[in-house]
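Trainee:
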Amino acid sequence: MSFERTQEKLKILADAAKYDVSCASSGSKRSNASKGLGDATGMGICHSYTEDGRCVSLLKILLTNYCIFDCAYCVTRKSNDIKRAAFQVQEVVDLTINFYRRNYIEGLFLSSGIFKSADYTMERLVAVAKKLRLEENFNGYIHLKSIPGASDELMKEAGLYADRLSVNIEIPTKEGLKLLAPEKNREDFIKPMVKVKNEIIQYQSERKIIKSTPKFAPAGQSTQMIIGATGESDQQIMWTSNYFYKKFNLKRVYYSGYIPISYDSRLPQIGTDVPMLRENRLYQTDWLMRFYGFEVHEILNNEHQNLDLDVDPKLGWALRNMEHFPIDVNKADKFMVARIPGLGMKSVYKILQARQFRKLNWDHLKRMGVALNRAKYFLVCDSRDFERRDLTSPQLKSIILQNSTSKYQKILSPQLNLFG
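For the sequence shown, the UniProt record's numbering begins at 1 and goes up steadily by one.
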């Protein structure tokens with residue numbers, strides 16, 4: 001095949017892959033062996049960041065943008081009049097190795113439109129990973145997309161060669177999926193997740209007895225959902241995330257603001273702003289659930305179904321629950337200290353460690369690097385000074401916003417109208 005045709009296919013299929021955001025590679029421990037190529041010890045994408053802060057790149061492409069489905073929200077839907085292309089298995093292998101040798105990438109993120117059938121497509125994705133591992137001795141990071149409805153046998157084989165597997169549930173609710181992708185069945189998305197979860201559990205159990213047990217998807221599995229294509233509330237979205245985290249032991253759930261791509265009465269019209277700020281608030285909520293000990297019903301419930309766009313979700317929760325404040329950082333447990341707005345977990349651990357040796361005052365907190373610009377209104381320490389005084393929640397919110405800046409300030413006002 002000519003260089004020009006390969007270049008054209010790469011341009012088409014790399015551009016089509018940009019809508020998939022579920023590509024982070026942290027968590028893999030595949031080390032280089034036998035003088036092979038690459039070393040996946042916690043890497044990420046296009047660009048992404050390792051656990052030690054290094055920025056690394058993956059080749060992020062589709063195997064093909066041909067698809068048998070006509071999902072209204074998807075740029076590669078079969079009714080869309082776009083340029084189509086497809087890579088052969090060996091072409092993807094060669095591209096990955098050549099790009100790696102030139103130090104352009106440190107791994108591969110491979111997805112695909114579904115052509116012919118789920119198993120036919122998944123078989124080719126697996127073949128790419130298998131060739132890279134066995135024929136090219138490639139030890140770099142590989143993230144494969146799981147094709148909804150793929151057989152258990154193929155999912156098991158995929159996990160033996162890929163560092164991470166992910167199947168996108170696409171729309172947060174069954175009703176939304178039925179509206180925009182009536183040909184698809186939610187159960188087809190669940191089936192690969194169940195298989196991967198069970199295989200990971202089995203691998204972890206067997207490895208305790210037999211250390212040489214082949215690795216299975218060492219970086220786990222993740223999923224992605226589109227935000228803003230249908231009318232789900234933030235409560236529905238985060239309840240769905242919570243379900244998948246707990247039911248399938250997911251490493252991550254990714255949230256992708258819908259980019260209008262078609263004139264369809266079921267969807268936001270072309271020209272509608274991408275809900276970037278809403279996407280950011282959902283990620284913040286996700287973080288609170290995974291690392292700060294919050295339950296989803298504390299942040300989102302029937303009385304509060306959508307996140308505040310003008311304040312982050314932890315501050316929003318605090319303003320609605322002022323009876324819990326102020327929190328004494330010298331006495332409160334980790335769970336409560338972590339609920340103080342403005343405190344990240346690094347600051348929480350610094351406080352817990354330092355207070356073992358003496359009572360902390362404002363000066364100590366500042367010297368430890370604790371950000372107090374908003375935290376000072378919600379905590380007390382070994383000092384008579386207390387910043388909140390007798391302010392009501394609306395007054396306190398107003399003061400904090402007046403003294404805050406946000407990279408989303410320019411888009412804040414238009415997006416507030418989405419929930420008016």
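C-beta: ideal position from N, C-alpha, C; glycine also. If you're wondering where the values come from, they're calculated on a predicted model, not measured in any experiment.
(1) If I measure Cβ to Cβ from TYR292 and keep anything under 8 Å in the same chain, skipping five residues before and after, which residues do I get?
(2) Let's see if you can read the secondary structure: which residues bound the alpha helix (DSSP H) around PHE248?
(3) Please name the residue, chosen from ASN330, SER241 and LEU267, that lies closest to MET289 on a Cα-to-Cα basis.
(4) If you draw a straight line from the alpha carbon of PHE87 to that of ASP70, how long is it in whole angstroms?
(5) How about THR213: is its Cβ closer than 7 Å to a heavy atom in the ligand GTP?
(6) Within the same chain, show all residues whose beta-carbon is closer than 7 Å to that of GLN236, passing over the 5 residues directly before and after it, in chain order.
(7) Would DSSP call SER111 helix, strand or coil?
(8) Taking the beta carbon of SER222 as the centre, do at least 16 other beta carbons fall within 10 Å, making it buried, or is it exposed?
(9) Taking just the CA atoms, how far does LEU379 sit from LYS350?
(10) Determine the contact status of CYS74 and PHE115, defining contact as a CB-CB distance below 8 Å.
(11) According to DSSP, is GLU135 part of a helix, a strand, or is it coil?
(12) Output the distance between the C-alpha atoms of TRP362 and ASP385, rounded to the nearest integer angstrom.
(13) Would you give the residue range spanned by the alpha helix (DSSP H) that GLN202 belongs to?
(14) Could you check how far apart the C-beta atoms of LEU58 and GLY107 are, in whole angstroms? I think they sit under 8 Å.
(15) In the DSSP assignment, the beta strand (DSSP E) including LEU396 goes from what residue to what residue?
(16) Using 8 Å as the threshold, is the C-beta distance between residue 495 and MET322 below it?
(17) Entirely within the region 334-383 and at least 4 residues each: give me those alpha helix (DSSP H) ranges in chain order.
(18) Using the C-alpha atoms, what's the distance from LEU267 back to VAL128?
Mentor: Looking at the coordinates:
(1) Sequence index remark: in the sequence shown, residue 292 carries index 292 (1-based). Cβ neighbours of TYR292 beyond the five flanking positions: LYS314, ALA338, ARG339 and MET345.
(2) As a first step, residue 248 is located in the sequence shown; it is residue number 248 there, counting from the start. That run of the alpha helix (DSSP H) goes 234-248.
(3) Indexing the sequence shown from 1 puts residue 289 at position 289. Each of ASN330, SER241 and LEU267 was checked against the Cα of MET289, and the nearest Cα belongs to SER241.
(4) The residue you call residue 87 lines up with position 87 of the sequence shown. The residue you call residue 70 lines up with position 70 of the sequence shown. In this structure, the straight-line span from the alpha carbon of PHE87 to that of ASP70 is close to 21 Å.
(5) As for the ligand GTP, it is missing from this structure, which has no ligand bound.
(6) Sequence index remark: in the sequence shown, residue 236 carries index 236 (1-based). Hits under 7 Å: PRO172 and THR173.
(7) If you number the sequence shown from 1, residue 111 lands on position 111. Taken through DSSP and simplified to helix, strand or coil, SER111 comes out as strand.
(8) Counted from its first residue, the sequence shown places residue 222 at position 222. Buried.
(9) Start at 1 with the first residue of the sequence shown, and residue 350 comes out as number 350. Start at 1 with the first residue of the sequence shown, and residue 379 comes out as number 379. Approximately 15 Å between the Cα atoms of the pair.
(10) In the sequence shown, counting from the first residue as 1, residue 74 sits at position 74. In the sequence shown, counting from the first residue as 1, residue 115 sits at position 115. Taking a C-beta distance under 8 Å as the contact criterion, CYS74 and PHE115 do not qualify as a contact pair.
(11) Taking the sequence shown and counting its residues from 1, one reaches residue 135 at position 135. Reduced to three states, the DSSP call for GLU135 is helix.
(12) Taking the sequence shown and counting its residues from 1, the one referred to as residue 362 is at position 362. Taking the sequence shown and counting its residues from 1, the one referred to as residue 385 is at position 385. Answer to the nearest angstrom: the Cα atoms are 9 Å apart.
(13) Residue 202 sits at position 202 when you count from the first residue of the sequence shown. GLN202 -> alpha helix (DSSP H) spans 186-207.
(14) In the sequence shown, residue 58 corresponds to position 58, counting from 1. In the sequence shown, residue 107 corresponds to position 107, counting from 1. Taking a contact as a CB-CB distance under 8 Å, the pair LEU58 and GLY107 counts as one, their CB atoms being some 5 Å apart.
(15) Reading the sequence shown from its first residue, position 396 is the one you call residue 396. LEU396: not part of any beta strand (DSSP E); member of the alpha helix (DSSP H) spanning 393-402, first to last residue.
(16) Any question about residue 495 goes unanswered here, given that the chain covers just 1 to 420.
(17) Fully enclosed alpha helix (DSSP H) runs of 4 or longer: 334-337, 345-354 and 362-367.
(18) Here residue 128 is taken as the residue at index 128 of the sequence shown, counted from 1. Here residue 267 is taken as the residue at index 267 of the sequence shown, counted from 1. Straight-line spacing of the CA atoms in VAL128 and LEU267 works out to 35 Å.
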